[in-house]
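Data block below; observations after.
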Amino acid sequence: MAIYILTGVGLIVFNILYTMGNSAISGSGDYGMATIALVVSLVWAFIFAFVLMADTKTE
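Letter 16 of the sequence shown, counting from 1, is numbered 16 in this note's numbering, and no numbers are missing.
As structure tokens, then:
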């Protein structure tokens, strides 16, 4: 159950990271923050998928 709460909080954090990345790209052309936001969100998607599969696995 905690993974769902963390995913909800993560959505807010990922939105903030995306906003910071977009402003960094438009302001100085730096893609570093946008890359961090992309990598972190992809890693979290894999973690969430793994936990969801493990949670629904039949025993």
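Ideal Cβ positions, reconstructed from N, Cα and C, are used throughout, including at glycine.
DSSP, reduced to helix, strand and coil, places glycine 29 outside both helices and strands of the structure shown, so it counts as coil. In the three-state reduction of the DSSP assignment, methionine 1 falls in the coil class, being assigned neither a helical nor a strand state. The beta carbon of isoleucine 3 sits closer than 7 Å to the beta carbons of Phe48 and Val51 from its chain, once the five residues preceding and following it are set aside; these are given in chain order.
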